[in-house]
Each structure stands twice: as structure tokens, then as C-alpha cells.
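2 protein chains.
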Amino acid sequence: MVHPRLPVDMGRSPHRAGRRLRARRIARYSRLVLSPAVDNLVAQLTRLPGIGTRTAQRLAFHILAAPADEANAIGHAIADVKARVRPCRECGNLTEEELCGVCIDPRRDRTVICVVEQPVDVLSLERTHEYRGLYHVLGGALSPLDGVEPGDLRIERLLDRVGADGVEEVVLATNPTMTGEATAAYLADRLRARVAADG
Amino acid sequence: MVHPRLPVDMGRSPHRAGRRLRARRIARYSRLVLSPAVDNLVAQLTRLPGIGTRTAQRLAFHILAAPADEANAIGHAIADVKARVRPCRECGNLTEEELCGVCIDPRRDRTVICVVEQPVDVLSLERTHEYRGLYHVLGGALSPLDGVEPGDLRIERLLDRVGADGVEEVVLATNPTMTGEATAAYLADRLRARVAADG
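Keeping their order, the protein sequence lines are chains A and B. Under this note's numbering, the final residue of the first sequence carries the number 710; numbering is consecutive throughout. Under this note's numbering, the final residue of the second sequence carries the number 710; numbering is consecutive throughout.
This is the structure we're talking about:
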């Protein structure tokens with residue numbers, strides 16, 4: 512089969528030009544309809560995970576229609592959380608006090624520490640109602656290409672806890688991703704070296 | 512066929528009791544893990560349309576992990592929108608000025624008014640790039656059962672505009688719901704009465 516040849520300056524370019532014009536037209540109309548403040552709110556909302564432009568516009572119109580105090584309650588809640596919530600001094604989980612709810616709970620088994628990447632992982636594990644030990648939140652996973660080195664994670668604090676607090680077992684529950692697995696392997700090496708040094 | 516009879520105090524109650532216990536256990540654990548400020552943020556986010564508890568928790572953890580200025584930008588954007596955005600004096604569409612972008616646009620056809628329920632409907636219609644006339648945003652639909660009477664919508668202002676501005680055509684584009692259709696029928700009657708009185 513022989514494909515028909517197109518002159519060099521034809522092909523898809525007229526179609527593309529049409530699409531470019533259409534995009535410019537959409538931008539012009541949107542500017543007419545939405546105000547700068549609404550545009551900014553939509554832009555801020557689309558920075559949230561899983562929120563596209565359409566969802567952000569829907570949320571923005573809901574916020575516009577809501578009473579001012581109800582709408583501003585979201586902003587106050589965000590400011591409140593950023594001001595009051597901090598990492599637990601012991602395990603790195605989220606808390607408003609020095610120590611988090613798991614660390615101060617006398618019913619938890621203090622001989623086991625479960626190592627996770629983020630505070631959200633603590634929530635996931637707590638939902639199972641199976642684990643009764645303590646946690647250690649690393650704050651991420653090792654990823655040299657992204658510039659995350661061992662010194663950027665709460666690893667020294669983990670080794671201190673394992674050495675000092677009568678811990679008998681460490682569960683490595685990093686994510687099943689390449690960086691998560693690499694982090695677990697690195698931690699296993701460090702912990703084995705420490706056990707060998709202690710014994 | 513004869514269905515087997517169950518003793519009165521059996522049936523599904525043991526199972527139900529189990530579920531109730533489980534619900535209480537979940538509540539206890541959640542309180543331990545999330546701080547009051549995070550709980551409040553999750554509660555505020557679940558008030559948004561289409562955002563359930565899980566999504567709200569995911570958003571809350573993203574906000575917690577984000578830099579403070581990026582997180583607070585959402586709150587500032589909400590406050591900004593509530594402070595600056597108001598209804599267009601002419602049509603009820605959203606604007607930061609006296610008149611909205613459609614009403615001040617000299618290229619729009621001022622002989623046609625399209626009547627819609629909410630500002631979001633203006634956005635939907637503008638996305639089609641077909642309509643070149645003006646709008647009139649009612650601010651809802653008639654619904655006597657919910658206490659929405661003609662006086663609660665921007666109906667008098669619509670009749671004034673139709674009477675004064677050389678309007679030749681009114682397009683009734685309320686929603687295809689029971690209240691939307693009832694509103695369109697009511698407006699058609701009012702507009703016909705006005706045309707008959709003028710003629």
C-alpha cells in the first residue's frame with residue numbers, strides 16, 4: 512500500500528490552528544465570566560490532590576453560595592491546623608501536644624515499633640484495629656534522586672528509641688514502592704548492625 | 512411455601528449489637544489518632560459537595576504536609592472571594608465590580624436575556640460559546656414547600672429589565688427539574704401579562 516503524500520505545509524496544521532484559536536477563545540470568555548478572586552480560589556483548590564478544574568469550580572460556587580461564616584470556617588480550620596498541629600516528639604505522628612495519642616496511651620504494647628513513612632499511614636493501620644504497638648513516622652522515604660538522604664528522615668531518633676526503650680520488635684511498614692522498599696532495606700541493615708553491636 | 516418462624520427476641524439483633532460495638536471502637540481509635548484541630552478540618556471539608564470523610568482526610572493530610580503559606584493561601588482565597596465577590600447590580604451574575612463582565616461587554620446582544628437559576632449556569636452556558644446575549648440570574652427556583660416565594664428571587668428586577676432596555680426576547684433556561692419548570696411557567700405567565708399590558 513502506498514500512503515498518499517501531503518504537501519509539506521499541509522497535514523494537521525489547519526486543524527491545530529483551529530484548536531489554538533478555540534483555546535484562546537475559551538480563555539477570553541472565562542476571564543469575562545469569573546472574577547479574579549474566583550479564579551484565584553479555583554487555582555488554589557486545584558493544587559489539592561484529586562481536585563481538577565471542574566471540581567474546583569463546583570467547590571468555588573458552593574463556597575460563594577454559602578454564608579460567609581460557614582465558608583470562612585474552612586480557612587480558619589486550615590490556619591488552626593497549621594498553627595497547632597506538630598509532630599510528636601517521640602514518634603513523629605501528628606499531635607497538638609508534646610506526645611501523640613498513641614505514645615501516651617498506657618494500653619499500647621511498648622515492645623513493638625511499627626515504622627511508617629507518613630502520619631496518614633498511622634491512620635490506615637489504626638483503622639485495621641489489629642496493631643497494638645507504637646509507631647515511628649519517618650516523614651518520607653529515601654530517594655537520593657529527589658535529594659532525600661537518611662539525614663532528612665527521622666532515622667537517628669528511631670535507632671535511639673530501639674536502643675533505649677526495651678523494644679523487642681521493629682515492624683518495617685514503609686510503602687510497597689521502590690523508594691519504600693529501599694528505605695526498609697536500609698533500615699533493616701542499620702538495625703541489624705545495631706543489634707550485632709549491642710549483642 | 513412456609514417461611515420458618517424465628518423466636519421474637521432473635522432475628523438480626525446479635526449482629527446489630529456487634530456492629531454497634533465496632534462503631535464505638537472506631538470512634539475511640541480515631542479520637543486517639545487525629546487531633547481536635549485535624550478533626551475539625553475534616554468536618555469542615557466534608558461540608559463541601561462531593562467530599563466524603565475519606566477524601567476530606569486525604570485533603571487534610573495534604574494540607575498538613577504542605578508549607579504553611581501554601582496551605583493558608585486556600586483560606587485567604589476563600590476570605591478574599593467572600594469579601595470581594597458580589598452579585599452584578601444588573602443581572603445577578605458574580606462580579607467584583609458594580610456590573611459583571613457580560614453586562615459591560617459591548618459585543619453582547621442586548622436584545623436577548625437568558626434567565627438562569629444560579630451564577631454557575633452562566634458559566635455552563637458561556638462554555639458552549641453559542642449564546643451572545645445577556646443573562647439574568649434568579650438566585651434559585653420557586654419552591655413554596657422550601658419557603659422560596661417569588662419575592663425571594665430576582666423576578667421584579669427581570670421584569671424591569673424586560674420593560675426598560677429594548678429587550679426583544681427572553682430565554683427561560685431554568686433547570687429541567689420540577690422547581691425549575693414551575694419557575695419557567697410562572698415567569699412565562701408574568702412576562703406574557705406584561706407584554707399584553709404594554710401592547
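All C-beta atoms in this analysis are idealised placements derived from N, C-alpha and C, irrespective of residue type, glycine included.
- Residue-level contact by beta carbon holds for residue 569 of chain A and chain B, with a gap shorter than 9 Å.
- Counting only runs that start and end inside the stretch 582-634 of chain A, the alpha helix (DSSP H) elements of at least 4 residues fall at 612-615.
- Counting along the chain, residue 674 of chain B sits inside the alpha helix (DSSP H) bounded by residues 666-675.
- From the beta-carbon of residue 647 of chain A, no residue of chain B is found nearer than 7 Å; the closest lies around 15 Å away.
- Between residue 612 of chain A and chain B, the shortest Cβ-Cβ separation is below 9 Å.
- Counted as a single uninterrupted DSSP element, the beta strand (DSSP E) harbouring residue 644 of chain A occupies residues 644-648.
- Contact of residue 606 of chain B with chain A by beta-carbon distance below 8 Å involves 546.
- Along the stretch 616-631 of chain B, going in chain order, the ones with a CB nearer than 8 Å to a CB of chain A are 616, 629, 630, 631.
- Listed by position along chain A, the residues whose Cβ is nearer than 7 Å to that of residue 652 of chain B form an empty set, because the closest Cβ is around 14 Å away.
- Around residue 690 of chain A, the same chain offers 652, 653, 654 as residues with beta carbons nearer than 7 Å, after the five sequence neighbours per side are excluded.
- Flagged as an interface residue toward chain B: residue 596 of chain A, by a C-beta distance shorter than 9 Å.
- In this chain, the alpha helix (DSSP H) harbouring residue 692 of chain A covers 689-709.
- Here the stretch 625-644 of chain B makes no contact with the stretch 614-622 of chain A; the two share fewer than three CB pairs at distances below 8 Å.
- Taking the Cα of residue 682 of chain B as reference, the smallest distance to any Cα among B:635, B:644, B:603 is reached at B:644.
- Judged by DSSP secondary structure, residue 553 of chain A falls within the alpha helix (DSSP H) whose first and last residues are 547-557.
- In the three-state reduction of the DSSP assignment, residue 653 of chain A falls in the coil class.
- Residue 683 of chain B is bridged by DSSP to B:626.
- Short of 8 Å from the beta carbon of residue 670 of chain A, and not among the five residues preceding or following it, lie these beta carbons of its own chain, in chain order: 701, 702, 705.
- Residue contact check for residue 551 of chain B against chain A: a CB pair falls below 9 Å.
- Proximity of residue 601 of chain A to chain B, defined by a Cβ-Cβ separation below 9 Å, is not satisfied.
- By the C-beta density criterion, residue 656 of chain B is exposed, having fewer than 16 other C-beta atoms within 10 angstroms.
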